Every structure is written in C-alpha cells, then in structure tokens.
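Engineer: Numbering-wise, numbering that gives the first Met the number 0 puts 315 at position 316 of the sequence shown, and it's gapless, one number per residue.
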Amino acid sequence: MTGTQPAHCPLRIHGRDTELSTAHTFMSGLEHGTGGALVCAAGPGLGRTAFLERAVQDFRPGRALLVRAAAADGARPHGGIRTLLRAVTGMWLPARPAAGTGQGGERNALLRALRTAAAGRPLLLCVDDVHLWDPPSRTELGRCAALLRTSPDPVGLLLSVADHHAHDPALAGLPRLRLGPLDGPAAAALLGDLTDGRAAPAVREELARAADGNPRLLGELAAGLTPPQLTGLAPLPRPLADPAMLLRACGARLAELPPATRRLLLLAAAAQEPHPDGPGADAALVLRAAAAAGLGAPALEPAEDAGLVRTEGERLRFGSAPLRRALYESVPLARRRAAHALLASVCEEDAALRLPHLVHRALAAEGPDAGLAGRLAAAARAEGPYLSHEERSVALAVAARHTEDGTDRATRLTEAADHARLAGRPARARELLVPVRALPAALPVRGRAELVHGLLSLRDGPVADAREELLLAAALLGPHDAAAALTARLAATEAAWAMGDAAAYVEALGGERSGADTPADAPDARTGNAAPGGRLPDDYRTGMAAVLSGRLDAGVGPLRRLLAHTEQAEDPEVLLRAGVAALVVGDLAAACRVNARALAAARALGRATLVPQALEHLAYGELRVGRHPRARVHAEEGLRTAHRTGQRNIAAHQHAILALVASVEGDTDALTTHAAAATAVAAPHGLVQVATLTGWALARADLGAGRVDEAAARLGPLVRPGPRQGHFAVRMLAVPCYAEAAVQAGAPDAARAAVAEFAVWADLGADPAAPAQLARCRALLAGAGGGRPVAADAYYEEARTRHEDTVNDFERGRTLLLHGKWLRRRRRPGPARGLLRDALVAFEGCGARAWTEQTRAELRATGDAPAGAEPPAAGRAGPLAELTPQQLRIARCVAEGATNREVALRLSVSPRTVDHHLRNVFAVLGVRSRLELARLVDRAGDSTAAL
0 MTGTQPAHCP
10 LRIHGRDTEL
20 STAHTFMSGL
30 EHGTGGALVC
40 AAGPGLGRTA
50 FLERAVQDFR
60 PGRALLVRAA
70 AADGARPHGG
80 IRTLLRAVTG
90 MWLPARPAAG
100 TGQGGERNAL
110 LRALRTAAAG
120 RPLLLCVDDV
130 HLWDPPSRTE
140 LGRCAALLRT
150 SPDPVGLLLS
160 VADHHAHDPA
170 LAGLPRLRLG
180 PLDGPAAAAL
190 LGDLTDGRAA
200 PAVREELARA
210 ADGNPRLLGE
220 LAAGLTPPQL
230 TGLAPLPRPL
240 ADPAMLLRAC
250 GARLAELPPA
260 TRRLLLLAAA
270 AQEPHPDGPG
280 ADAALVLRAA
290 AAAGLGAPAL
300 EPAEDAGLVR
310 TEGERLRFGS
320 APLRRALYES
330 VPLARRRAAH
340 ALLASVCEED
350 AALRLPHLVH
360 RALAAEGPDA
370 GLAGRLAAAA
380 RAEGPYLSHE
390 ERSVALAVAA
400 RHTEDGTDRA
410 TRLTEAADHA
420 RLAGRPARAR
430 ELLVPVRALP
440 AALPVRGRAE
450 LVHGLLSLRD
460 GPVADAREEL
470 LLAAALLGPH
480 DAAAALTARL
490 AATEAAWAMG
500 DAAAYVEALG
510 GERSGADTPA
520 DAPDARTGNA
530 APGGRLPDDY
540 RTGMAAVLSG
550 RLDAGVGPLR
560 RLLAHTEQAE
570 DPEVLLRAGV
580 AALVVGDLAA
590 ACRVNARALA
600 AARALGRATL
610 VPQALEHLAY
620 GELRVGRHPR
630 ARVHAEEGLR
640 TAHRTGQRNI
650 AAHQHAILAL
660 VASVEGDTDA
670 LTTHAAAATA
680 VAAPHGLVQV
690 ATLTGWALAR
700 ADLGAGRVDE
710 AAARLGPLVR
720 PGPRQGHFAV
730 RMLAVPCYAE
740 AAVQAGAPDA
750 ARAAVAEFAV
760 WADLGADPAA
770 PAQLARCRAL
780 LAGAGGGRPV
790 AADAYYEEAR
800 TRHEDTVNDF
810 ERGRTLLLHG
820 KWLRRRRRPG
830 PARGLLRDAL
840 VAFEGCGARA
850 WTEQTRAELR
860 ATGDAPAGAE
870 PPAAGRAGPL
880 AELTPQQLRI
890 ARCVAEGATN
900 REVALRLSVS
910 PRTVDHHLRN
920 VFAVLGVRSR
930 LELARLVDRA
940 GDSTAAL
C-alpha cells in the first residue's frame with residue numbers, strides 16, 4: 000500500500016551510526032541550499048523502511064515526506080511517477096500520458112512539483128522500495144535525482160531499494176549506502192528495546208545468533224517467546240524460528256522463483272547442512288547433483304538475479320543464513336531426504352568427500368542405522384586438518400541421532416558439543432549437552448560432559464561455578480582418563496585466576512608436588528602429541544604453584560624452562576599457558592611473541608573459541624610493554640570475536656583492557672563505555688581481575704585529569720591488604736599510580752606500606768619497569784612536604800637511569816614529568832624545561848593526551864611555549880584577552896568545577912597562589928562568583944569556536 004507519513008513519532012534504530020552519518024551529511028546539504036539524491040540498499044528485513052522513517056524524523060530544516068511504493072503502482076507505465084506526483088501535489092493525472100508527459104514529461108512535472116512544494120525551503124522526499132515501480136518510472140526518477148544533484152533548489156531524494164536492485168541502471172551514478180546485518184552489540188540493543196530489557200543475557204545472545212543480524216527476524220523471534228522463556232525460566236522452543244517465520248522475515252521472494260530454480264536451491268541448501276556456518280555450498284557438487292536431477296545451470300540464474308544466492312569462486316552462497324534455513328526447513332521432510340540422497344550419490348564418486356557423503360546418507364535415512372552411525376563417527380574423529388570443528392560437530396550430532404545405545408549416544412553428543420565449542424558456537428554446544436544428562440552413560444562419559452560444560456561456563460558464566468564443574472569433571476575422569484582430568488584441572492586454575500583466588504588456583508593444580516601424577520601421555524611441549532615425562536604440565540604446575548604461594552623466586556626456574564620448551568609449540572592452548580608464564584616471570588617480549596604465535600595457531604587450526612583469548616593475552620602483553628595503540632587494536636578485534644563466539648567473560652576482559660588504553664589516551668567517552676561494559680559482566684560473574692583492571696583504569700584517568708583525591712580513593716582498597724584487595728596479578732602494577740595520587744593528595748603516609756611491599760615485588764624481577772617505578776615512588780615520598788629534597792633528586796635520577804633499560808615510553812614520560820614538576824617547584828626552571836620537553840615527546844609518541852596537556856601546562860609555567868600551547872592574548876576572544884596565561888588556566892579550571900586545592904594540584908602550585916590569582920581574575924573580569932566566571936568562560940569559548 001502506498002502512503003505518506005510525516006515524522007512525529009520517536010524512532011530508535013541500532014547499529015547504523017555510519018549510515019546515519021552519511022544520511023545526515025546529505026540532509027545537511029539541503030539545509031545549506033544544495034539539492035541531491037541518495038540511494039539506500041538493503042536485503043529483506045534489514046531495515047530499509049525504518050532507516051527512511053528515521054531520516055524523515057531527523058530532518059528539521061523543512062518539510063519531509065515519506066512515500067511507500069507498491070507493486071500495484073508498477074503494473075502500468077509511469078504509474079510510480081504518478082503516485083509520487085499525487086503524494087507531492089495532490090493532483091491526478093489522466094490514465095494515458097498527456098502531451099509532454101512521456102520521454103521526460105513526467106520528469107519535468109515531478110521537478111516542477113518538487114520546486115513548488117519546496118517554495119524555497121529545504122524539502123526531503125523519501126521513496127521506499129523504488130524497485131517495485133515500473134521501469135519508466137524508475138528511469139524518470141533516476142534522471143530527476145541526477146538533475147537535483149546539480150540543482151540550486153534545496154530538494155533531496157532519499158530512495159530505498161532491495162539489495163539486488165542496488166545497481167539498477169535507472170539509478171546509475173547516484174551515491175548509495177548499504178545496510179548490512181546488525182552486529183552483536185546492535186542486535187543486543189535492539190532486543191533490549193523490543194523486550195524492555197527483560198530478556199536474560201543467554202536468551203538475548205541465542206536470539207541474536209538465530210536472527211543472524213536480521214532486525215525483522217529478531218523482532219519475530221522475541222515476539223514469539225512467552226515471558227518465562229524470555230527471562231530464561233523456561234526452555235526456549237526448538238527450533239527457535241519455524242519455517243513460516245523464516246519465510247515471512249526473509250524468504251518472500253522464494254515463491255516468485257520457477258520450480259526448477261527452487262529445486263536447485265534446495266540442493267544448495269542441503270549441500271551446506273554438513274557445514275551450516277561455513278563459506279557456502281560446494282558449487283561443483285551442487286551442479287553435479289542438479290545435472291543428475293535433470294536441472295541445468297541456467298536454472299540458477301533467476302535466484303542470482305533476485306539476489307538470493309551468489310557464486311564466489313568455488314562456493315555457492317545464500318544471501319543470509321536465515322534465508323538458507325527458510326528454504327531448507329519450509330520443504331517437506333521427504334523432499335529434503337531425497338535431496339540428501341542425491342547429494343550422497345554424487346559425493347560417493349569422490350574419496351575426498353567421504354565425510355559429506357556419510358552425513359548426506361545419514362540425513363537421507365528414514366530411521367536409526369547403527370552401522371552408518373559408527374562409520375560416520377569414525378570419519379568425524381579421523382585426524383586431518385581439512386575437517387573443521389563445525390563439520391566434525393555436525394557429523395557427530397547426526398551420528399548420535401542414529402545411535403540407540405545410551406553410552407555411545409552420550410559420547411557422540413559430548414564430542415559434538417566439544418567441537419561446537421571449539422568452533423565458537425557455545426549455544427549449539429549447550430544444546431547438544433542437554434540430552435546427555437538424561438542418558439544412561441558411564442562415569443567417564445559424564446566426566447567429559449561436565450568438562451565441556453565447565454569450559455563453556457568458564458567463558459560465559461560465573462567463574463566460581465565453572466571451577467566447581469571443572470573440579471567435578473577432574474574427579475570423574477581421574478581414574479579413567481588422566482589427560483582429560485589434567486585438562487579439567489588446568490581449566491579450573493583459569494577460573495581461580497579470574498576469581499582472584501590464589502589458594503584455589505594452587506588447589507586446582509594439585510599443590511606444589513613435582514608432577515608424579517602427571518600422565519605419561521600428557522601433551523609434548525613442542526608438538527602437543529603424547530610424550531613421556533609430561534614436562535609441560537609439570538613445569539607449569541610447579542612454577543605457578545610456587546608463584547601463587549608467594550615464592551616467585553622458586554617459580555621462575557620451572558616457568559622459564561617451560562617457556563624455553565614451548566615457545567615454538569604448535570598447539571594454541573600450550574602456547575597460551577606459555578604466554579601466561581612469560582607474563583608472570585616478567586619476560587614481556589616473550590609474552591607478546593608467544594601470544595602472537597598462539598593467535599596464529601588458533602586461527603590456522605580453526606579453534607575459533609581460542610582466538611579471543613589469544614587476542615586478550617596479546618593485548619595485555621602489549622599494554623604492559625607500553626604499546627597502547629597496538630593493545631587497542633588487538634583488544635578491539637578480540638572484543639568483536641568474543642561477541643561473535645558468545646564468550647562474555649573474555650569480552651569483559653577486552654573491555655577492561657580498552658578502558659586502560661582509554662585512560663592513557665584521554666578518551667573519556669571510550670573509558671566510560673568500556674568500564675561500564677566490563678563492570679556489567681564482572682560483577683555477576685565474579686571476575687575479580689576484570690574489576691581490578693577497570694578500577695585501575697578509572698583511577699588512572701582521574702590521575703591524568705588532576706583528580707588526585709578520587710584516584711587515591713579508588714586505588715587505596717585495591718593495593719592495600721584487606722577484603723577489598725585487588726587481583727593478585729594486578730594490584731602491584733597499580734601501586735605506582737596509588738603512590739603518585741596519595742602524595743599529590745597530601746597523604747604520603749597512606750602509600751608507604753604499599754610502596755614497601757612493591758619494593759619486595761620489584762626486587763624479584765616480575766616486571767621490567769618496576770625498578771624505575773620504585774625509584775619514582777621513593778622520590779615522591781622523599782619529596783612529600785619538602786622533606787628530603789636531596790634524596791628525592793637522587794631517586795628521580797635513579798628512576799630516569801633505570802628507564803633507559805626499558806621500552807615503556809609512557810612510564811618514562813611520567814617519571815620525567817614528575818621530576819620536571821619537582822624541579823620547577825624547587826625554583827629550577829631551566830633543568831625542569833629539558834625534562835618536561837622530553838616528557839612531552841614521550842607522551843605524544845604514545846598518544847597519552849591527558850598527560851600531554853599536563854606537561855604542556857608545566858612547560859608554560861616554566862616560561863616555555865610548547866607547540867599547541869595557549870594562544871597569546873591577541874588571539875583570544877572577548878574579556879579573557881585581558882588575563883595572563885596563568886590566570887587563564889586557573890579561570891578555566893575553576894569554570895570546570897575544580898576547587899582551589901584541586902587547581903593547585905593540577906597546576907603544581909600552592910592553594911595560596913591559586914587564591915591570589917583568582918582574586919585578580921574576578922577583578923579583571925568584573926565577576927563576583929564562580930558561577931558567573933563559568934558562564935563567562937563558556938561564552939568566550941563559543942566565541943572562539945565561531946572565529
């Protein structure tokens with residue numbers, strides 16, 4: 000139905016920031032008197048209409064109109080243009096084109112109508128689903144849009160088309176944007192709107208995965224759930240989306256295809272069942288099966304023209320996963336079995352397709368077949384890198400359907416779940432585990448099921464619960480499968496680490512024994528294959544148990560030996576443990592190198608679930624070295640992959656790392672966003688390490704902005720002993736920040752005990768930057784209150800010397816800045832300038848914006864004028880031009896809400912100096928209160944921006 004709609008109702012859309020920015024830029028041109036056109040293309044259910052409605056809502060300078068095209072309008076030539084004219088002007092044109100209305104007459108009439116409707120004011124005309132109109136109407140509309148792009152009239156056309164019509168020749172040359180599927184966070188936000196935030200996190204993620212980023216399908220899935228299902232109190236329906244729902248959401252065009260095309264597409268959809276999330280169906284296999292069914296390759300063309308499928312190299316890909324499911328699941332079971340039988344017969348000709356052949360045979364079978372199930376399970380377990388974890392998972396799950404023996408069925412379901420976990424499909428893994436607990440399986444099988452479930456909980460759930468599951472798995476597996484029991488214990492140590500419980504970590508390792516119970520077939524250090532001695536787990540257990548029992552000196556030897564044996568390993572899990580060992584012993588270069596190798600190995604082996612963890616460890620290593628931009632890049636990628644693989648605990652770690660990076664770079668918005676996201680998961684899941692890193696990030700941002708009291712208040716509980724103590728692997732790293740904040744807040748005694756403990760830790764060599772940081776802390780304490788200036792100078796000199804042996808420019812810059820401040824306050828501006836200039840270069844090099852501004856302020860206070868410094872009075876606007884540079888800095892700090900004491904700390908002057916300058920500021924500007932000063936500074940800032 001065609002209609003018009005003014006925009007009055009509020010409308011929220013998610014995940015379209017880039018596209019909305021493009022539309023706003025286009026609409027801004029109309030406001031400034033420039034006409035134009037923009038085409039929005041999107042597939043079914045991806046939000047074309049919502050996008051146009053939002054554009055109409057956001058257009059404020061003039062009139063906006065939305066016209067929805069209908070197929071009926073395209074049934075006759077120029078029908079679409081006539082509909083558009085009626086919408087704009089209300090006039091009715093005769094059924095036949097009158098003189099001057101063909102071959103450009105309609106275009107001229109439309110241009111005249113648009114100009115008349117605009118009446119010199121901006122006009123935005125949005126036309127939804129232009130592809131439904133007749134070719135003459137689309138051609139004339141395209142010509143009109145092209146003319147508007149060079150027209151002085153402020154008229155704009157925003158047109159939407161189906162994705163497969165994006166390159167319609169009638170619209171050639173027009174700028175276009177494309178709406179793709181929503182990413183994970185955007186889908187979660189949309190679900191929050193659709194359900195008023197009532198959906199449980201696990202339900203939200205499963206719905207988002209099932210919808211594959213399709214907003215319409217997401218809405219239908221949410222609407223189809225009962226309140227108990229939505230909140231996680233009742234099981235979700237299986238399947239989540241029935242065929243009718245899938246067809247409504249994204250399969251409407253299937254009914255328009257010729258029967259031969261639909262038959263060929265069914266073969267393509269069935270061909271992808273052994274690897275549903277893979278790169279598409281084998282095109283050659285599909286065409287061979289089609290030929291066997293009497294279908295030629297031309298039968299595929301209508302589907303390609305409709306944008307339903309596309310050929311990419313040797314693969315045939317559907318437009319979306321829900322579209323493939325809609326096609327496959329809407330067909331009767333008998334026809335699906337026939338398609339699989341045909342594919343199985345074709346696969347039988349190729350030995351390389353043994354697993355797909357068996358999967359298709361099983362899917363074509365009408366009942367259980369124990370022999371077929373056994374052969375299929377054996378093929379799925381066969382060694383060889385050519386099979387992905389998803390392919391193995393699907394094959395084992397299909398084999399389980401044909402298995403009647405309870406223990407065998409539970410075994411195959413558990414194996415299928417584990418491969419689904421490794422493929423980054425945790426929801427599917429959990430689904431496969433559900434029937435296992437109801438089956439009469441032997442204890443070793445139950446132990447393996449608990450192990451898989453515990454590993455899933457470790458990445459997405461309360462880690463204390465995961466630890467208990469993993470320890471139970473170790474107990475069940477111990478008498479039967481020592482290697483699997485060891486895997487469970489090592490995973491339990493990861494849970495204890497995330498909890499911040501060192502004693503639980505040592506307990507899960509089995510204490511500090513030498514590894515007498517390490518299985519003889521434990522993974523070899525280099526290859527991960529069986530090898531006598533089990534050196535890898537033995538060294539890891541001995542070293543980590545010693546370190547977490549407070550004896551770092553005893554743990555260094557085994558961990559360095561572990562690192563030497565595993566640095567060139569090929570198993571990503573072995574490499575990840577080696578990377579942890581490198582971080583613990585302070586070999587940060589090796590940590591970055593080993594974790595980069597772990598990332599490469601996880602990708603090469605298709606271990607999708609390990610990729611986010613490898614990126615997290617790599618980002619953390621880069622952070623410790625001081626390479627913050629590189630850490631940000633790795634953590635951002637890790638965050639995306641963690642969301643994609645359903646690992647919220649790993650995502651929380653990535654958010655915490657990004658918050659730390661933002662605290663250095665001075666990006667307040669990013670810091671707030673990432674800290675909130677990290678805390679939202681850390682609190683309910685008991686992630687103490689995430690909580691500690693996030694608190695440190697917030698405190699460091701406070702310190703960079705001069706809010707030293709807030710920084711000291713945040714860090715005090717984290718670094719001091721007590722029930723609120725921070726994570727054992729992080730708290731010592733935060734002590735230098737706490738010492739700086741406490742001293743500048745006038746409470747040096749509060750930091751002395753923490754610095755003393757830090758000195759013991761630094762002497763053990765656990766961090767390359769620690770000796771220099773310790774000297775800096777001692778300098779701060781020695782200089783507190785002007786106590787021991789000679790000692791303070793000596794400690795600063797020691798710190799600077801020690802920094803020459805490290806690569807962390809951020810920490811070096813902080814030492815130079817603090818030493819420069821100290822010298823300036825001791826009335827030694829000359830030496831201070833040199834140190835401050837070096838600090839400025841260091842901070843600029845690592846993107847530490849907040850510290851860069853601090854350093855510039857210090858340089859100005861010494862009489863220097865660094866690049867980017869405050870402009871001279873002649874370059875300032877309004878009454879602020881009368882202030883001296885120091886008065887202006889104080890005025891701006893006060894206008895931001897800082898107290899005299901906070902201003903003094905920020906500018907490294909005394910409160911009495913601030914009070915003196917502030918009285919002069921009030922006198923020069925003629926104001927009588929801080930509120931009046933803030934208003935005046937704000938107005939002056941606006942005037943300067945206007946200039």
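Beta carbons: idealized from backbone N, C-alpha and C, even for Gly. None of the values given here were measured: they were computed from a predicted structure.
1) Nearest-angstrom Cα distance between Val902 and Trp821?
2) Write down the C-beta distance between Val451 and Val397 rounded to the nearest angstrom, noting that I regard them as a contact closer than 8 Å.
3) Strictly by DSSP, which residues pair up with Leu64?
4) Evaluate Pro720 with the Cβ neighbour count: other Cβ atoms within 10 Å of its Cβ, from every protein chain shown; 16 or more gives buried, anything less gives exposed.
5) Three Cβ pairs or more, each shorter than 8 Å: is that satisfied between the segment 345-356 and the segment 310-322?
6) Provide the residue span of the beta strand (DSSP E) that contains Val38, from first to last.
7) Would you kindly work out how many angstroms separate the C-alpha atoms of Leu638 and Ala650, rounded to a whole number?
8) Kindly provide the ranges of any alpha helix (DSSP H) runs that are 4 or more residues long and lie completely inside the segment 540-622, ordered along the chain.
9) Enumerate, from N- to C-terminal direction, the unbroken alpha helix (DSSP H) stretches of 4 or more residues contained entirely within the segment 647-675.
10) Quick one: is the Cβ of Arg777 within less than 7 Å of any heavy atom of the ligand GDP?
11) How is Glu403 classed by DSSP in three states: helix, strand or coil?
12) Helix, strand or coil for Thr517? Go by DSSP, reduced to three states.
13) Would you kindly check if the distance between the Cβ of Leu816 and the Cβ of Thr854 is under 8 Å?
14) In chain order, what residues of the same chain lie with their CB nearer than 7 Å to the CB of Glu449, ignoring the 5 residues before and after it?
15) State the Cα-Cα distance for the pair His164 and Leu604, rounded to the nearest angstrom.
16) On the DSSP bridge list, what partners appear for Leu839?
17) Where do the ends of the alpha helix (DSSP H) carrying Leu263 lie?
18) So, helix, strand or coil for Gly231, using DSSP?
19) So, helix, strand or coil for Asn528, using DSSP?
20) Does the beta-carbon distance from Leu51 to Leu124 come in below 8 Å?
21) Mark Leu574 as exposed unless 16 or more other C-beta atoms lie within 10 angstroms of its C-beta, in which case mark it buried.
22) Given Arg353, which residues of its chain have a CB within under 7 Å of its CB, disregarding the five upstream and five downstream residues?
23) Give the secondary structure of Phe317 by DSSP, where H, G and I count as helix, E and B as strand, and everything else as coil.
24) Please classify Gly715: does DSSP put it in a helix, a strand, or coil?
25) DSSP state of Ala933, grouped into three classes?
26) How is the alpha helix (DSSP H) around Gly764 delimited, first residue to last?
27) For Val87, which residues of its own chain have a beta-carbon under 6 Å away from its beta-carbon, when the five flanking residues on both sides are left out?
28) Name the one or two DSSP bridge partners that Thr88 has.
29) Grouping DSSP H, G and I as helix and E and B as strand, with all else coil, what is Leu176?
30) Identify whether Leu156 lies in helix, strand or coil by the three-state DSSP scheme.
31) Assuming Ala711 and Ala746 form a contact by the criterion Cβ under 8 Å, report the distance between their Cβ atoms to the nearest whole angstrom.
32) Assuming Leu779 contacts Phe757 under a Cβ cut-off of 8 Å, what Cβ separation, rounded to an integer in Å, is found between them?
33) Pop quiz: Pro121 and Glu30 are said to be a contact at Cβ under 8 Å. What is the actual Cβ separation, rounded to whole angstroms?
34) So, helix, strand or coil for Asp281, using DSSP?
35) Anyone know if the C-beta pair for Ala289 and Leu263 falls short of 8 Å?
36) Assign Pro194 to one of two classes, buried (16 or more other C-beta atoms within 10 Å of its C-beta) or exposed (fewer than that).
Structural biologist: Short version:
1) CA-to-CA, the gap between Val902 and Trp821 works out to about 17 Å.
2) No, Val451 and Val397 are not in contact; Cβ-Cβ is about 18 Å, not under 8 Å.
3) Leu124.
4) Pro720 is exposed by the Cβ-count criterion.
5) No: fewer than three Cβ pairs fall under 8 Å.
6) Gly35 to Ala41 is the span of the beta strand (DSSP E), which, as asked, contains Val38.
7) Rounded to the nearest angstrom, the two C-alpha atoms are 5 Å apart.
8) Positions of the alpha helix (DSSP H) runs, each at least 4 residues long and wholly inside the segment 540-622, are given as 551-565, 571-584 and 587-603 in order along the chain.
9) 647-664, all fully within the segment 647-675.
10) For the ligand GDP, the structure offers nothing, since it holds no ligand at all.
11) In the structure shown, Glu403 sits in coil (DSSP, three-state: anything other than H, G, I, E or B).
12) Bear in mind that a pLDDT of 44 at Thr517, under 50, signals an unreliable position, so the number given afterwards is only what the model happens to contain. Per DSSP, reduced to three states, the secondary structure at Thr517 is coil, with no helix or strand assignment.
13) Closer than 8 Å, so yes.
14) Excluding five sequence positions before and after Glu449, the CB atoms of its chain that fall closer than 7 Å to its own CB belong to Glu468, Leu471, Ala472 and Leu475, given in chain order.
15) Cα-Cα distance, rounded: 39 Å.
16) DSSP lists no beta-bridge partner residue for Leu839.
17) Per DSSP, Leu263 belongs to the alpha helix (DSSP H) from Pro258 to Ala270.
18) Here Gly231 sits in coil by DSSP.
19) Only weak support is given to the placement of Asn528: the predicted model assigns it a pLDDT of 38, under 50, and the value that follows is read from those uncertain coordinates. In the three-state scheme derived from DSSP, where H, G and I count as helix and E and B as strand, Asn528 is classed as coil.
20) For Leu51 and Leu124, no; Cβs fall outside 8 Å.
21) So Leu574 ends up on the buried side.
22) Answer for Arg353: Ala378, listed in chain order.
23) In the structure shown, Phe317 falls within a strand segment according to DSSP collapsed to helix, strand and coil.
24) Note: Gly715 maps to helix in three-state DSSP.
25) Residue state, collapsed to three classes: helix.
26) It is not in any alpha helix (DSSP H) - Gly764 carries neither H nor E in the DSSP assignment.
27) Here the set comprises Ala112 and Ala116.
28) Partner(s): none; Thr88 has no beta bridge.
29) Leu176: strand per DSSP, three-state reduction.
30) DSSP places Leu156 in the strand class (E or B) of the three-state scheme.
31) Yes, they are in contact, since the Cβ atoms of Ala711 and Ala746 sit about 7 Å apart, within 8 Å.
32) Contact between Leu779 and Phe757 does not hold, since their C-beta atoms are separated by about 12 Å, which reaches or exceeds 8 Å.
33) 5 Å between Cβ atoms; contact.
34) In the structure shown, Asp281 sits in a strand (DSSP, three-state: E or B).
35) For the 8 Å CB-CB criterion, Ala289 and Leu263 form a contact.
36) Reading the sequence as shown, one finds Thr at residue 194 and not Pro. With at least 16 other beta carbons inside 10 angstroms of its own, Thr194 counts as buried.
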